[in-house]
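Student:
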Amino acid sequence: MIKILNKGGLTYPIFVCDVCNKKINNLGLAAAIFQRSEIEGEVQNVLHVHKNACQDKGEKKLGGIAPWQELQDHVILLIGNSGGSLAGLTERQEDLGPFGLL
Ligand SMILES: [Zn+2]
2 MIKILNKGGL
12 TYPIFVCDVC
22 NKKINNLGLA
32 AAIFQRSEIE
42 GEVQNVLHVH
52 KNACQDKGEK
62 KLGGIAPWQE
72 LQDHVILLIG
82 NSGGSLAGLT
92 ERQEDLGPFG
102 LL
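Counted the way our numbering counts, the sequence shown spans residues 2 to 103.
1. Assuming Asp96 contacts His49 (C-beta within less than 8 angstroms), just tell me the rounded distance between them.
2. Just to confirm the assignment, what range does the beta strand (DSSP E) spanning Gln70 have?
3. For Leu28, which residues in the same chain have their Cβ closer than 7 angstroms to its Cβ, ignoring the five residues on either side in sequence?
4. Kindly examine ligand 1 and report whether one of its heavy atoms sits closer than 7 angstroms to the Cβ of Val50.
5. Quick check: the Cα distance between Gln94 and Asn7, rounded to an integer number of angstroms?
6. Excluding five sequence neighbours on each side, which residues of the same chain lie with their C-beta closer than 6 angstroms to the C-beta of Cys21?
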């Protein structure tokens, strides 16, 4: 899940694991998992989880083996499916300055 962290008077969006409720600090060590669906156009919930133990628990929560994406790929696809681009975000990151990093 995505939450907001208040720190030093500023607010930062962060990924929080839907299983252990701890902050996800490394996109490469996290995944997005969801239920398998054959229904065209269905919109589903997604869980953001740490890989391995949390991913296994998340899959059980979803009823078994679940399709998944690397969280970093999920973010790239999310940006594209939301009308954004990595190039556009790179320009924007410079404008955000200290707000973009923790
Ligand atoms: Zn976790």
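Glycine included, each C-beta is placed from N, C-alpha and C at the ideal position.
Everything numeric in this text was worked out from a predicted model, so none of it was measured.
Tutor: Working from what's here:
1. Sequence index remark: in the sequence shown, residue 96 carries index 95 (1-based). Sequence index remark: in the sequence shown, residue 49 carries index 48 (1-based). Rounded, the Cβ-Cβ distance is 26 angstroms, inconsistent with contact.
2. Within the sequence shown, residue 70 is the residue found at index 69, counting from 1. Here the beta strand (DSSP E) through Gln70 covers Trp69 to Glu71.
3. Position 27 of the sequence shown, counted from the start, is the residue given in the question as residue 28. The answer, listed in chain order, is Leu72, Gln73 and Val76.
4. Start at 1 with the first residue of the sequence shown, and residue 50 comes out as number 49. Checking every heavy atom of ligand 1 against the Cβ of Val50, one is found closer than 7 angstroms.
5. Position 93 of the sequence shown, counted from the first residue, corresponds to residue 94. Position 6 of the sequence shown, counted from the first residue, corresponds to residue 7. Those two C-alpha atoms are separated by around 19 angstroms.
6. Indexing the sequence shown from 1 puts residue 21 at position 20. So the list reads Cys55, once near-sequence residues are dropped.
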